[in-house]
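Residue numbers (my numbering): 166 to 425. All C-beta atoms, glycine included, are put in the ideal place defined by N, C-alpha and C. Here the structure comes first, spelled out in C-alpha cells, and everything after it is commentary.
Okay, structure coming up:
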C-alpha cells in the first residue's frame with residue numbers, strides 16, 4: 166500500500182535499537198527523511214547506516230538525553246519543522262512498589278513519561294501554526310493490563326494512555342493527530358536478554374529462553390516490523406480520521422488471563 170509519506174520529515178526517539186529502529190526504517194522506506202534520536206551516538210550511527218543501506222532518504226543522528234528538558238529545547242531549535250513525531254525513548258524497570266525506590270521511579274519517568282509529555286508539548290506548539298502534524302506515542306500493554314510486578318511501568322503507560330487520548334481528542338481542531346500504540350511482548354534485544362536471564366534462573370540454562378514464548382498468542386512475541394508497519398500507517402493520511410486512539414498490538418493477550 167502506498168502511504169503517501171514521501172518527502173515528509175519524521176523524528177523518532179529511542180531510534181537506535183528495537184522498535185524505534187524498526188519504525189525509523191519503515192518510515193524511511195516510505196520515503197520519509199528521518200531524524201534519529203537516542204542517547205548513544207555510536208548506536209545511532211549504526212542505525213543510520215542500516216537505514217541508508219535500504220532507503221535513499223536523508224538520515225540525521227542526534228544524540229540526546231531526553232530526560233533533560235534542555236535537550237528537548239535543543240532538538241526543537243535544530244529541527245523545528247517535523248511532520249511526524251514518534252515518542253519511543255525510555256524503558257521503565259520492572260519490580261514491585263517495594264523494589265522500585267523513589268530515585269529509580271523518578272529517573273525512569275523523567276525519560277519516558279515526562280520526556281513524552283515535554284516532546285509533545287514542544288512539537289505541538291510548532292505544528293499548530295502549520296496546521297499539520299502527527300504525534301505517535303509508543304506506550305505498552307501494561308498500561309491497559311496493569312501488573313503489580315511492573316508497577317512503575319504500568320502506572321507510567323496508563324498515564325501516557327490518558328495523556329494521548331485527552332490530547333488526541335482536541336488536537337484535530339488544529340488539524341493535528343495524536344495517537345498511541347500499545348505493543349505487547351515484542352522480540353527485541355531487551356526482551357531476549359530478560360528471557361535469557363529468566364531461563365538461567367528457572368532452568369540453569371539461558372539457551373532455553375524461547376520456551377517462555379510458547380504461551381504467547383500464536384506461540385511467539387510480536388516482531389518489531391509488525392509494530393513499525395502500524396506506526397507508518399498511523400503516520401500517514403490513510404489514517405487521517407484516527408486521533409485520540411490507542412492501537413494495541415498484542416495478539417489478543419490483553420483479553421485473556423495472562424501474558425506470559
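Can you tell me whether DSSP reads residue 413 as helix, strand or coil? The sequence position of residue 413 within the chain shown is 248, counting from 1. DSSP places residue 413 in strand when its eight states are reduced to three.
Could you tell me whether the stretch 224-244 touches the stretch 274-286, using the rule of 3 or more Cβ pairs below 8 Å? yes
Can you find the residues in the same chain that come closer than 8 Å, C-beta to C-beta, to residue 205, ignoring five residues on each side of it along the sequence? Counted from its first residue, the chain shown places residue 205 at position 40. Within the same chain, residue 205 has close Cβ partners 181 and 228.
Pick from 223, 307, 244 and 246 that is closest to residue 419, judged by C-alpha positions: The residue given as residue 419 occupies position 254 in the chain shown. When each option's Cα is compared against that of residue 419, the closest is 307.
CB of residue 230 within 9 Å of CB of residue 298, strictly: Residue numbering aside, residue 230 sits at position 65 when the chain shown is read from its first letter. Residue numbering aside, residue 298 sits at position 133 when the chain shown is read from its first letter. Going by C-beta atoms, residue 230 is not nearer than 9 Å to residue 298.
Classify residue 415: buried if its beta carbon has 16 or more other beta carbons within 10 angstroms, exposed otherwise. On the chain shown, residue 415 is found 250 positions in, with the first residue counted as 1. That one is buried.
Out of 343, 404, 403 and 353, which one is the CA nearest neighbour of residue 186? The residue you call residue 186 lines up with position 21 of the chain shown. It is 353.
For residue 271 and residue 319, what's the separation of their Cα atoms in angstroms? Along the chain shown, read from residue 1 onward, the residue named residue 271 stands at position 106. Along the chain shown, read from residue 1 onward, the residue named residue 319 stands at position 154. Straight-line Cα distance between these residues: approximately 14 Å.
Looking at residue 252 and residue 301, is the spacing between their C-beta atoms short of 9 Å? Within the chain shown, the letter at position 136 stands for residue 301. Within the chain shown, the letter at position 87 stands for residue 252. A contact, by the Cβ cut-off of 9 Å.
Determine whether the beta carbon atoms of residue 309 and residue 413 lie at a separation below 9 Å. The residue given as residue 309 occupies position 144 in the chain shown. The residue given as residue 413 occupies position 248 in the chain shown. Cβ distance < 9 Å, so residue 309 and residue 413 count as in contact.
Residue 361 to residue 386, Cα distance in whole Å? Here the question's residue 361 lines up with position 196 in the chain shown. Here the question's residue 386 lines up with position 221 in the chain shown. Whole-angstrom Cα-Cα distance: 14 Å.
Note down, in chain order, each residue of its chain lying with its Cβ closer than 6 Å to the Cβ of residue 224, except the 5 sequence neighbours on either side. Walking along the chain shown from the start, residue 224 turns up at place 59. The residues are 199, 213, 216 and 217.
Does DSSP put residue 198 in a helix, a strand or coil? Locating residue 198 in the chain shown gives position 33, counting from the first residue. Correct three-state label for residue 198: strand.
Taking the alpha-carbon of residue 398 as reference, which of 322, 193, 325 and 243 has the nearest alpha-carbon? What you label residue 398 is simply residue 233 of the chain shown in a count that begins at 1. Out of 322, 193, 325 and 243, 193 has the C-alpha closest to the C-alpha of residue 398.
Length of the line joining the Cα atoms of residue 334 and residue 409: For the purposes of this step, residue 334 is taken as residue 169 along the chain shown, with counting starting at 1. For the purposes of this step, residue 409 is taken as residue 244 along the chain shown, with counting starting at 1. Cα-Cα distance, rounded: 5 Å.
Cβ-Cβ distance between residue 331 and residue 197 below 9 Å: To locate residue 331, count along the chain shown from 1; it is residue 166. To locate residue 197, count along the chain shown from 1; it is residue 32. No; because the gap between Cβ atoms is not below 9 Å, this pair is not in contact.
Taking only heavy atoms of the ligand MG into account, decide whether any of them is closer than 8 Å to the Cβ of residue 274. The ligand MG is absent from the structure shown, which contains no ligand whatsoever.
Can you grab the Cα-Cα spacing for the pair residue 356 / residue 363, in whole Å? In the chain shown, residue 356 corresponds to position 191, counting from 1. In the chain shown, residue 363 corresponds to position 198, counting from 1. Approximately 10 Å, taken between the alpha carbons.
Proximal residues to residue 374 (C-beta, below 8 Å), its chain only, five neighbours per side dropped: If you number the chain shown from 1, residue 374 lands on position 209. Hits under 8 Å: 357, 360, 361, 363 and 364.
For the candidate residues 265, 305, 220 and 176, whose alpha-carbon lies nearest to that of residue 277? Taking the chain shown and counting its residues from 1, one reaches residue 277 at position 112. Residue 277 has its Cα closest to that of 305, out of 265, 305, 220 and 176.
Sequence-distant residues of its chain with Cβ nearer than 6 Å to residue 455 (five each side left out): No information on residue 455 is available, as it lies outside the stretch 166 to 425 that the chain covers here.
Where DSSP assigns a beta bridge to residue 226, which residues make up the other side? Counting from one through the chain shown, the residue named residue 226 turns up at place 61. Bridge partners of residue 226: 201.
Supposed contact pair residue 351 and residue 303 - C-beta distance, whole angstroms, cut 8 Å: Translated into the one-based positions of the chain shown, residue 303 becomes position 138. Translated into the one-based positions of the chain shown, residue 351 becomes position 186. That belief does not hold up - the Cβ atoms of residue 303 and residue 351 are roughly 10 Å apart, past 8 Å.
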